[in-house]
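What follows is a single structure, written as structure tokens, with notes after it.
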Amino acid sequence: MRILPLLVSCSALVAGCGGFAPESHANTEPAPQTEPVTVNASLRVSDDLTGLPDIAESAVQSVVNIATRKVTTLPQMPQLHDPFFRYFQAPQGQQAPQERVERSLGSGVIVAQDGVILTNNHVIQGAEEIQVTLSDGRSFDAELVGTDPKTDVAVVRLVDPPDDLRLLPLGDSDALRLGEVVLAVGNPFGVGQTVTMGIVSAKGRAEVGIVDYEDFIQTDAAINPGNSGGALVNLRGELVGINTAILSRSGGYQGVGFAIPTGMARGVMDALMADGRVDRGWLGVEIQDVDADLVAALELPEGSDGVLVAGVVDDSPAEAIGLERGDVIVSLNDHPVDSVSHLRNAVAAAGADAEVSMEVIRDGDRKTLTGALGLLEDDRAAAVTATDSADEPERAGLRLQALDEPLARRLGVEGEIDEGVVVVGVTPDSPAARAGLRAGDIIVEVNRRPVDHPKEFGEAWAEADARLLLLVRRGEGTLFVALPKP
501 MRILPLLVSC SALVAGCGGF APESHANTEP APQTEPVTVN ASLRVSDDLT GLPDIAESAV
561 QSVVNIATRK VTTLPQMPQL HDPFFRYFQA PQGQQAPQER VERSLGSGVI VAQDGVILTN
621 NHVIQGAEEI QVTLSDGRSF DAELVGTDPK TDVAVVRLVD PPDDLRLLPL GDSDALRLGE
681 VVLAVGNPFG VGQTVTMGIV SAKGRAEVGI VDYEDFIQTD AAINPGNSGG ALVNLRGELV
741 GINTAILSRS GGYQGVGFAI PTGMARGVMD ALMADGRVDR GWLGVEIQDV DADLVAALEL
801 PEGSDGVLVA GVVDDSPAEA IGLERGDVIV SLNDHPVDSV SHLRNAVAAA GADAEVSMEV
861 IRDGDRKTLT GALGLLEDDR AAAVTATDSA DEPERAGLRL QALDEPLARR LGVEGEIDEG
921 VVVVGVTPDS PAARAGLRAG DIIVEVNRRP VDHPKEFGEA WAEADARLLL LVRRGEGTLF
981 VALPKP
């Protein structure tokens with residue numbers, strides 16, 4: 501079973517494209533003029549679904565096609581420097597460098613009159629040019645406002661938006677019910693705007709393995725490659741989700757699709773537009789789900805939900821709040837907590853310095869603890885997508901963070917290692933994954949040279965012809981890992 505992002509991509513080889521100069525699309529300025537769109541109360545549907553055509557017609561006008569373009573230089577093959585092979589090639593100095601033009605097609609949703617568009621990070625990741633086509637065929641250049649790979653949310657803005665944009669109002673994804681009818685709108689396979697219908701199959705899907713923070717709406721509305729960033733619309737004509745991925749054995753639609761709920765996407769969008777980044781809250785606990793065996797062992801009431809605190813990080817907000825190993829957290833800010841992913845998402849969304857109240861069960865007694873969250877220092881979303889060496893770890897399938905003192909303490913290597921980069925994420929089926937790298941690994945050396953910042957890793961990756969030799973600290977030991985370039 502494969503999890504597939506819903507992006508249509510292609511690439512072509514061109515020679516000597518030296519005249520192409522990527523432009524920066526970064527824009528991290530706050531946009532206070534962007535306000536939530538008022539729900540159009542007239543877009544409702546009767547029980548017999550006779551209003552669906554009106555809802556579909558309105559939604560289609562707010563969903564756009566997004567085409568991206570980027571150029572990557574192919575690494576030179578070592579054998580080209582061999583005199584035997586040069587005999588059959590053009591004279592040295594006349595060989596134009598080969599470059600790959602990569603294009604992709606996805607979707608997006610207009611959510612503000614100034615041309616703000618919600619989409620997926622993987623739709624525009626690494627793009628040097630972004631072009632948006634409206635439902636009426638008009639095309640506009642767009643610039644990147646910000647991205648958050650941790651949730652796969654991105655925000656772009658039309659450079660010169662027209663005055664007649666049709667917006668899709670943001671709905672309440674939390675109010676969705678199982679079995680509720682929804683429409684999926686997007687650009688599957690690049691054929692053009694398409695509307696399909698299904699129901700909400702599940703809510704709160706987590707641990708799917710798509711991104712770090714997951715709270716997906718699952719739907720059986722037909723979605724296919726090219727639908728990434730498209731709209732999931734409820735029967736009020738409101739945006740309730742951003743279509744993101746499908747679960748499939750064949751690579752095509754098999755009835756299991758996932759959408760990021762607007763409750764999550766909106767918070768990320770607001771942060772990106774205000775600050776150009778996403779700062780998340782940090783509690784500082786090791787936690788696990790409470791299953792039936794733990795309920796019995798802890799003598800909790802039968803059917804209890806919550807998460808068990810297995811450890812508390814020294815000098816963390818959790819320690820200051822008063823959490824202890826063995827506590828069962830059952831609510832956060834008066835909202836029930838039923839899983840590790842639920843608590844993790846809620847803490848992250850609350851943000852740094854947020855005052856929280858949590859109810860815990862300790863030795864059979866219920867207690868209320870209060871305090872402030874900290875800042876998850878290793879979790880800042882990039883506001884721009886540069887094409888320099890900083891992007892190279894991502895191409896290798898790695899998300900890296902410099903090893904600082906708090907992180908070293910959390911990993912249990914404080915005083916043992918004073919430099920390195922920590923693997924905080926590995927993309928499935930990437931070069932890094934195939935080489936056996938794991939989250940939590942500490943890369944100490946690259947090609948026999950110490951490394952202490954992701955940028956240094958990126959520079960080494962960009963310079964390497966075929967592979968990198970990594971010295972990795974894993975647990976109590978070290979090992980060498982050969983990381984090949986694709």
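Numbering (my numbering), first residue to last: 501 to 986.
Glycine is no exception: its CB is placed at the ideal position from the N, C-alpha and C atoms.
query: Three-state secondary structure (DSSP) of Ser816; result: coil
query: Pairwise C-alpha distance: Ser857 and Glu819; result: 14 angstroms
query: Ala702 vs Glu714 beta-carbon contact at 9 angstroms; result: no
query: Heavy atom of the ligand MN within 8 angstroms of Lys650 beta-carbon; result: No copy of the ligand MN appears in this structure; indeed no ligand is present at all.
query: Where Asn565 falls: helix, strand or coil (DSSP); result: strand
query: Length of the line joining the Cα atoms of Val708 and Arg949; result: 36 angstroms
query: Whole-number beta carbon distance between Gly806 and Ile861, since they are thought to touch under 8 angstroms; result: 7 angstroms
query: Those residues which DSSP pairs with Gly961 across a bridge; result: Here residue 961 is Trp; the residue named in the question, Gly, does not match the sequence. Its beta-bridge partners do not exist; DSSP assigns none.
query: C-beta atoms of Val693 and Val682 nearer than 9 angstroms; result: The sequence shown places Gln at residue 693, not Val. Taking 9 angstroms as the Cβ cut-off, Gln693 and Val682 do not qualify as a contacting pair.
query: Per-residue DSSP class, three states only, for Arg780; result: strand
query: Pro986 classed as buried or exposed, judged by whether at least 16 other C-beta atoms fall within 10 angstroms; result: exposed
query: Ala966 classed as buried or exposed, judged by whether at least 16 other C-beta atoms fall within 10 angstroms; result: exposed
query: Coil, strand or helix - Pro984 by DSSP; result: strand
query: Among Val923, Thr762, Glu905, Gly851, the one whose alpha carbon lies nearest that of Gly915; result: Glu905
query: Residue closest to Lys867, alpha-carbon to alpha-carbon, out of Glu859, Gly874, Leu873; result: Glu859
query: Candidates Pro984, Ala960, Glu963, Glu959, of which the one nearest Arg934 by Cα; result: Pro984
query: Strand pairing of Gln754, partner residues [DSSP]; result: For Gln754, which the question treats as bridged, DSSP gives no partner whatsoever.
query: Which listed residue (Pro801, Gln788, Asp814) has its alpha carbon closest to that of Arg844; result: Gln788
query: Cβ pair count under 8 angstroms reaching 3, the segment 824 to 833 against the segment 764 to 781; result: no
query: In DSSP terms, what Phe716 is bridged to; result: Arg705
query: Outcome for Ser639 when other beta-carbon atoms lying within 10 angstroms are tallied against a minimum of 16; result: exposed
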